[in-house]
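Position 8 (the sequence shown) corresponds to 8 in UniProt numbering; numbering is contiguous. Some notes on the structure that comes next.
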Amino acid sequence: MMTIAQNGRNDGQPAMQTPPVASPQDWEAARQQLLVKEKAHTRARDALAAERRRMPWMEVTKTYAFEGPGGKVSLVDLFQGRRQLIVYRAFFEPGVFGWPDHACRGCSMVADQVAHVAHLNARDTTLVFASRAPQADIIRLKKRMGWTMPWVTVTDSFDADFGVDEWHGTNVFYRDGMRIFRTYFVKSRGDEQMGGTWNYLDITPLGRQEVWEDSPKGYPQTPTYKWWNWHDSYTDGAEPDKKWVEISDAGEKAFREEAAEGRD
Numbered sequence: 001m002m003t004i005a006q007n008g009r010n011d012g013q014p015a016m017q018t019p020p021v022a023s024p025q026d027w028e029a030a031r032q033q034l035l036v037k038e039k040a041h042t043r044a045r046d047a048l049a050a051e052r053r054r055m056p057w058m059e060v061t062k063t064y065a066f067e068g069p070g071g072k073v074s075l076v077d078l079f080q081g082r083r084q085l086i087v088y089r090a091f092f093e094p095g096v097f098g099w100p101d102h103a104c105r106g107c108s109m110v111a112d113q114v115a116h117v118a119h120l121n122a123r124d125t126t127l128v129f130a131s132r133a134p135q136a137d138i139i140r141l142k143k144r145m146g147w148t149m150p151w152v153t154v155t156d157s158f159d160a161d162f163g164v165d166e167w168h169g170t171n172v173f174y175r176d177g178m179r180i181f182r183t184y185f186v187k188s189r190g191d192e193q194m195g196g197t198w199n200y201l202d203i204t205p206l207g208r209q210e211v212w213e214d215s216p217k218g219y220p221q222t223p224t225y226k227w228w229n230w231h232d233s234y235t236d237g238a239e240p241d242k243k244w245v246e247i248s249d250a251g252e253k254a255f256r257e258e259a260a261e262g263r264d
C-alpha cells in the first residue's frame, strides 16, 4: 500500500504517494526479491552484448575527411592505431539551441558522463566525438566545459551516410589494416547508456575482451580484472601488476564464495 508524504512541499502540487515504510527485515526481503530480477537483467544484458559481437560487418569503402585540431584527418586516422573506433555524432553546429556557446543540452550531458578514455584505449578502442561545428568553436567549447575526448569536425557526408545527419547517434567501427568495417549503430534513447567504459565496450565487436564473455572463437580475451589500472598508469604491452593480480584473485574468490552462499 502506498503512503502519502508531504516531503516539505508547499507549492500547491499533489503530495507524493511513496512506498510503505518497512522494518529492516522486510526491507531486506524486498531487496532480495528485486535482486533476482536485477541479476536476470544483467545476464540478459550480457547475452545481448554477445549477440552484438556476432552482428555482420559492413565494409566502409568510401573515403571520409575530418578536421581535427591539427588539420585534416581521415577515418583511418581517427582510430589512432587501434582496432576499434566509437564515433559519437554530437549536435553542435549553427542553429542548435545554445550556439555558439554550447552544444545540444542532451549531447552535453553525454559528454559530461564520458569516463576517462585511457580505459577504452587499454582495450584497443578509441572514442571520438564528431560535429559540424568548426574546430575553433569545438576547441573553445571543450575548454569551457572541461572535456578532453578527441573531437573532430565533419566536412562531408559522413554523418548522413551513417544515420545521423542531425541530432546525435553512436557508430562503431573495426579496422583490419586499412580496411574499415561498420559493426554497430545506435541513436535516440540508445545513447542514454553511453559514457561509461563498460557500456562502450559492450557495443564494440570485441567486447570487454575478458575470459567470461561469450565471444566468437579466436577473439582476444584476458583474465577478468587483471588489465584494470589507474587511468594515468597504463603502459602499452605491460604485463599485469603482480600485486594487483594477487589482490584481484582474492577479491574474485570472495565474490564467488558469497554468491555460492547466497550472500551477494
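Built from N, CA and C at the ideal position, the CB exists for glycine as well. These numbers were taken from a predicted model, which means no experiment stands behind them.
To the nearest angstrom, report how far apart residue i and residue j are at their CA atoms.
i, j, result
"R189", "H231", "29 Å"
"V186", "V172", "9 Å"
"G196", "T125", "13 Å"
"S157", "A90", "15 Å"
"D159", "E166", "8 Å"
"D191", "V110", "8 Å"
"F255", "F162", "42 Å"
"L48", "T222", "20 Å"
"Q209", "V87", "20 Å"
"A22", "R31", "11 Å"
"K72", "E252", "46 Å"
"K143", "P19", "44 Å"
"R132", "A115", "23 Å"
"V245", "R123", "18 Å"
"D101", "V164", "22 Å"
"T61", "R45", "32 Å"
"F92", "A29", "48 Å"
Write down the C-beta distance between residue i and residue j rounded to the nearest angstrom, noting that I regard them as a contact closer than 8 Å.
i, j, result
"residue 265", "V152", "Residue 265 lies beyond the residue range present for the chain, which begins at 1 and ends at 264; the question has no answer from this structure."
"Q84", "T204", "5 Å"
"P69", "I139", "6 Å"
Between which residues of its own chain and residue i is the CB-CB distance below 6 Å, once the five residues before and five after are set aside?
i, result
"Q113", "G195"
"E213", "G207"
"G218", "none"
"V36", "none"
"H41", "none"
Note the first and the last residue of the continuous alpha helix (DSSP H) segment covering residue i.
i, result
"V76", "L75 to L78"
"R189", "Here R189 belongs to no alpha helix (DSSP H), and DSSP marks it neither H nor E."
"A49", "P24 to R52"
"F162", "Neither: F162 is in no alpha helix (DSSP H) and is coded neither H nor E."
I'd like the span of the beta strand (DSSP E) that includes residue i, first residue to last.
i, result
"T197", "No beta strand (DSSP E) contains T197, which is instead part of the alpha helix (DSSP H) from T197 to D202."
"N171", "G169 to D176"
"A130", "T125 to S131"
"W151", "W151 to V154"
"V87", "Q84 to R89"
"Q17", "M16 to T18"
Leaving out five residues before and five after residue i in sequence, what residues of the same chain have Cβ atoms less than 7 Å from its Cβ?
i, result
"L34", "none"
"E67", "Q135, V152, T153 and T155"
Near residue i, what residues of its chain come up, given a Cβ to Cβ distance below 8 Å and the 5 sequence neighbours on each side ignored?
i, result
"S74", "T63, Y64, A65 and F66"
"Q193", "N199"
Next item on the list: Flag this pair as touching only if the segment 113–128 and the segment 199–217 have three or more C-beta atom pairs under 8 Å; answer yes or no.
Entry: yes
Next item on the list: Pair every Cβ in the segment 177–186 with every Cβ in the segment 14–29, then say whether three or more of these pairs are closer than 8 Å.
Entry: no
Check: Counting pairs of Cβ atoms below 8 Å between the segment 93–102 and the segment 48–67, do you hit three or more?
Finding: no
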